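This report concerns only the one structure given below.
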Amino acid sequence: MDLLSVFHKYRLKYAVAVLTILLLAAIGLHASVYRIFTPENIRSRLQQSIAHTHRKISFDADIQRRLLPRPTVILKNLTITEPGGDRTAVSIKETKIGLSWKNLWSDQIQVEKWVVSGAELALTRDGKGVWNIQDLIDNPKRKASVNRIIIENSTVHLDFLQERFTLKEVRLNLQSPVSSGQQFESSGILTSENLSASWKSKGLFISDGINPPEISPFHFEAETALNGHGITVSTTGNPTIRFNAGGPDAANLSLRADTAFHNLHLTAQIPTLALRNNNIKIETVNGTFTATTNDGNSQWGGSFKLDKAKLHPSIGNIGNAEISGNVKTPRLQTNFSLGSPLVWSRNNGLEAPRLHVSTLQDTVNRLPQPRFISRLDGSMSIKNLHQWHAEFNGSFDRQTVAAKFRYTHEDAPHLEAAVALQKLNLTPYLDDVRQQNGKIFPDTLGRLSGDIEAHLKIGNVQLPGLQLDDMETYLHADKGHIALSRFKSGLYGGHTEGGISIANTRPATYRLQQNASNIQIQPLLQDLFGFHSFSGNGDAVIDLTASGETRKELIRSLQGSLSLNISNGAWHGIDMDNILKNGISGKTADNAVPSTPFHRFTLNSEISDGISRHIDTELFSDSLYVTSNGYTNLDTQELSEDVLIRNAVHPKNKPIPLKITGTVDKPSITVDYGRLTGGINSRKEKQKILEDTLLEQWQWLKPKEP
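Residue 112 in UniProt numbering sits at position 112 of the sequence shown, with consecutive numbering throughout.
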């Protein structure tokens, strides 16, 4: 009988024998698994592994066991107490512990795969920087090793720098070790009182049992929201995280932040970072930033540097912090820089004790017109985002300045300021108004949700054709108004007091209330109304309201009142003395500009829709006493005056009534025959009365013959 025949004859017996052996092996393995994974054995081994911590461990009696693909025990509702007590420190809804097959015949425990689902714990550090679960991690007598760890849907409550953070939906997958290390991936959601950020990370975990464990390379990415826009923060390059005995270090750490909010991009390079005993220490940070406004008209760019940064749970300091950059628009470029040591404390907030600020703004692709030229030194204290104050001394537009600021936010934002400036030339800043087609109310103020109050003292304010000396006022501004109250200033050689306000209407509405004394009247009238009919020094009481975007619109809308009391001046464009001497058609000597000198002139005018109406206006000179009623259209410069000229020396002489029409620059003067002749119809008689009246007035003006 050959071998093949023998095999066929006994193959059934061989198969039964093999199956029997396999069955006995399976029964033996199953029995071994149950022997190892009895509740008493599991509890004993687990309790033994944490015996040095004085903690207690417990789990449900319902234990599940699996033989394939590896011996696995499944425990539910596992809890570990705090040391020496019954309060739960760690809870796990379900954990699967898969052992190596050799664990069945050895006391050395090797976990091939450990899966933790629904874990929850709180992490805290004491004053020495020791974590509250450090004893569970550091066990020199541990006989177990773990190849692969998976954590699913877990929660960690973290107390760090006296803040409470929560890590939700935590996931970790630490792969089995290979020669280069262990690859891992993790993710979760970080939340706090004012933050919610999802994060994920990956890297290579390296531990040789000799050197401190490290992750190299390490990649981290987080997403959160900034002002309603998503923001992503991530590492770049190949940073290394090293886990030293005193705490982790980071080397060659590069960060990048990107958000659609103003298209902001930020980078930072941190050569070294150390976490020790609840403290963060950074030798230096270098970074850059760029941003663009939503309309694309403003582009920001710059750099920053932090040196010698240390952050403790309740205090932190930076040896020096610097930021410099520029803002570009189609018309302007603004350069700025700030630098100071920084000190932060939980009680006092952030302080910049030696703050230096410099700014410079200039035109783009046009003739240079520098402005906002500042070099300031001072200090700033930020209690929180709702409370800060600052003080500065230095120069603004090359003039000495001292300023104080105080910001609060209770019901609404409120900024208080006090500024003393030696000199301010506003001419370079008027281009902004021209670019806005006359819209003077700042867009920034129009967006304010609070208000600004400031006490301003400026030694000299310069405007085109206008100069204010020793100006002092109190400014109040919000999104609806700008008001200068208790305004005091030297003006036109005299002094003025009152108020100025602008309302943010469409178009803007202006109000001017001033009580001026001993000022030059001619430049005042020129600046207000565009004409210069009267000169001299005197007093003016002004209360005017107007609205519009151009000067013409403002003049046409003028409402209010104007009172003048002028001394030692002249009424330009009309020569009353010459009219008395030579008649209406008389020529002024040497073709000089006609004028009527006076030693006092009074006017009280009511203005409506740009038309100034007055009654009982008086002019006093050595030879004349003139009264007038009428109106002037301040827009067209057209006037209509009923004038009565009297002899000041011989007041009983018959007065001459005149009618003045035309424009302020070219008045037309005629005799008002109706008032002069009193109903006489004959032209000859009228002419005779006029000649007699003029002759009567002329007699006292005529020089006496020697």
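All residues carry an ideal CB built from backbone N, CA and C; glycine is no exception. Values in this document were obtained by computation on a predicted structure and should not be read as measured data.
Provide the residue span of the alpha helix (DSSP H) that contains L136, from first to last.
-> The residue you call residue 136 lines up with position 136 of the sequence shown. Q134 to I137 is the extent of the alpha helix (DSSP H) around L136.
Using the beta-carbon count (16 or more within 10 Å), is N278 buried or exposed?
-> Taking the sequence shown and counting its residues from 1, one reaches residue 278 at position 278. So N278 ends up on the buried side.
Please work out which residues of its chain come closer than 7 Å, Cβ to Cβ, to I149, disregarding the five sequence neighbours upstream and downstream, and give them in chain order.
-> For the purposes of this step, residue 149 is taken as residue 149 along the sequence shown, with counting starting at 1. Within the same chain, I149 has close Cβ partners W114, L172 and L174.
Going by Cα to Cα distance, which pick from I521, L204 and I615 is closest to A570?
-> In the sequence shown, the residue the question calls residue 570 occupies position 570. Selected option, being the one with the closest Cα: I521.
Just the C-alpha distance for F568 and L624, rounded to the nearest angstrom, thanks.
-> Counting from one through the sequence shown, the residue named residue 568 turns up at place 568. Counting from one through the sequence shown, the residue named residue 624 turns up at place 624. The amino acid at residue 568 is misidentified as Phe; the sequence shows Asn. Near 14 Å, if we compare the C-alpha coordinates of L624 and N568.
Would you mind reading off the limits of the beta strand (DSSP E) that contains K479?
-> Here residue 479 corresponds to residue number 479 of the sequence shown, with the count starting at 1. Counting along the chain, K479 falls outside any beta strand (DSSP E), and DSSP gives it neither H nor E.
Does DSSP put H532 in a helix, in a strand, or in coil?
-> Numbered from 1 along the sequence shown, position 532 holds the residue referred to as residue 532. Reduced to three states, the DSSP call for H532 is coil.
The beta strand (DSSP E) with K113 in it runs from where to where?
-> One-based indexing of the sequence shown puts residue 113 at position 113. Residues Q110 to L123.
Three or more C-beta pairs closer than 8 Å, one from the stretch 339–357 and one from the stretch 373–389: is that the case here?
-> yes
Please report how far the alpha carbon of D60 lies from the alpha carbon of G209, in whole angstroms.
-> Counting from 1 along the sequence shown, the entry for residue 60 is found at position 60. Counting from 1 along the sequence shown, the entry for residue 209 is found at position 209. Approximately 35 Å, taken between the alpha carbons.
Beta-carbon proximity check, F218 vs I189, cutoff 7 Å | Reading the sequence shown from its first residue, position 218 is the one you call residue 218. Reading the sequence shown from its first residue, position 189 is the one you call residue 189. Their beta carbons are not under 7 Å apart, which means F218 does not touch I189 by this criterion.
Assuming V285 and K305 form a contact by the criterion Cβ under 8 Å, report the distance between their Cβ atoms to the nearest whole angstrom.
-> Your numbering for residue 285 matches position 285 in the sequence shown. Your numbering for residue 305 matches position 305 in the sequence shown. Contact flag correct, Cβ pair sits at about 7 Å.
Given a cut-off of 7 Å, decide if S234 and E221 are closer than it, judged by their beta-carbon atoms.
-> Taking the sequence shown and counting its residues from 1, one reaches residue 221 at position 221. Taking the sequence shown and counting its residues from 1, one reaches residue 234 at position 234. Yes.
Could you check where the beta strand (DSSP E) with R346 kicks off and where it finishes?
-> Residue 346 sits at position 346 when you count from the first residue of the sequence shown. That residue, R346, is in no beta strand (DSSP E); it is neither H nor E in DSSP.
Run through DSSP, which three-state label would E82 get?
-> What you label residue 82 is simply residue 82 of the sequence shown in a count that begins at 1. Of the three classes helix, strand and coil, the one that applies to E82 here is coil, per DSSP.
Could you spell out the range, first to last residue, of the beta strand (DSSP E) harbouring K552?
-> What you label residue 552 is simply residue 552 of the sequence shown in a count that begins at 1. Looking at the DSSP string, K552 is not in any beta strand (DSSP E); the run it does join, the alpha helix (DSSP H), is R551 to R556.
Tell whether a beta-carbon distance below 7 Å holds between A309 and I270.
-> In the sequence shown, residue 309 corresponds to position 309, counting from 1. In the sequence shown, residue 270 corresponds to position 270, counting from 1. No.
For P69, does the count of other Cβ atoms within 10 angstroms reach 16, so buried, or fall short, so exposed?
-> Locating residue 69 in the sequence shown gives position 69, where the first residue counts as 1. Burial call: exposed.
In angstroms with no decimal places, state the Cα-to-Cα distance between G247 and E82.
-> The count along the sequence shown starts at 1 and reaches residue 247 at position 247. The count along the sequence shown starts at 1 and reaches residue 82 at position 82. Between G247 and E82, the C-alpha separation is close to 23 Å.
Count the other C-beta atoms from every protein chain shown that fall within 10 angstroms of the C-beta of V178, then say buried if there are 16 or more, exposed otherwise.
-> Start at 1 with the first residue of the sequence shown, and residue 178 comes out as number 178. So V178 ends up on the exposed side.
Best match in I452, D411, R556 and S381 for proximity to S547 [C-alpha to C-alpha] | Residue numbering aside, residue 547 sits at position 547 when the sequence shown is read from its first letter. Minimum Cα distance to S547 is reached at R556.
Reference K128; option with closest CA among S91, S216 and L275 = Position 128 of the sequence shown, counted from the start, is the residue given in the question as residue 128. It is L275 whose Cα lies nearest to the Cα of K128.
Quick one: complete alpha helix (DSSP H) runs, 4+ long, within the stretch 245–285?
-> none
Determine the direct distance from the alpha carbon of H312 to that of F205, and round the result to whole angstroms.
-> As a working mapping, residue 205 is identified with position 205 in the sequence shown. As a working mapping, residue 312 is identified with position 312 in the sequence shown. Near 28 Å, if we compare the C-alpha coordinates of H312 and F205.
For A245, decide whether its Cβ has a neighbour in chain E, counting only Cβ atoms nearer than 7 Å.
-> In the structure shown, chain E cannot be found, because there is only a single protein chain.
Going by beta carbon distance, what residues of the same chain come within less than 6 Å of A197, once the five residues before and after it are set aside?
-> Within the sequence shown, numbered from 1, the residue matching residue 197 stands at position 197. Contacts found: L190, A222 and T224.
Spatial distance of E416 from S381 (CA atoms) | In the sequence shown, residue 416 corresponds to position 416, counting from 1. In the sequence shown, residue 381 corresponds to position 381, counting from 1. Cα-Cα distance, rounded: 15 Å.
Take K552 and list the residues in its own chain whose beta-carbon comes closer than 8 Å to its own, dropping the five residues that flank it on each side.
-> Taking the first residue of the sequence shown as 1, we reach residue 552 at position 552. Result list for K552: D635, in chain order.
Coil, strand or helix - M380 by DSSP | Counted from its first residue, the sequence shown places residue 380 at position 380. Strand, per DSSP.
Which whole-angstrom value is the C-beta distance of T545 and Q559, which I expect to be below 8 Å?
-> Sequence index remark: in the sequence shown, residue 545 carries index 545 (1-based). Sequence index remark: in the sequence shown, residue 559 carries index 559 (1-based). Contact flag correct, Cβ pair sits at about 5 Å.
Between E618 and T627, which are expected to be in contact by the criterion C-beta below 8 Å, what is the C-beta distance as a whole number of angstroms?
-> The count along the sequence shown starts at 1 and reaches residue 618 at position 618. The count along the sequence shown starts at 1 and reaches residue 627 at position 627. Indeed, because the Cβ distance is near 6 Å, the residues count as touching under 8 Å.
When DSSP labels each residue in this structure, what does R646 get in the three-state scheme?
-> On the sequence shown, residue 646 is found 646 positions in, with the first residue counted as 1. If DSSP states are grouped into helix, strand and coil, R646 belongs with the strands.
In this structure, what does DSSP give as the bridge partners for D307?
-> Within the sequence shown, the letter at position 307 stands for residue 307. Partner(s): T284 and N320.
Going by Cα to Cα distance, which pick from F529, I669, S535 and S533 is closest to I607?
-> Residue mapping note: residue 607 aligns to position 607 of the sequence shown, counting from 1. Minimum Cα distance to I607 is reached at F529.
If you follow the beta strand (DSSP E) that W571 is part of, which residue opens it and which one closes it?
-> Taking the first residue of the sequence shown as position 1, residue 571 is located at position 571. Its beta strand (DSSP E) spans residues Q559 to H572.
Measure from the alpha carbon of F405 to the alpha carbon of each residue in R398, D397 and A390, then state which is nearest.
-> Against the sequence shown, residue 405 aligns to sequence position 405. Per the Cα distances, A390.
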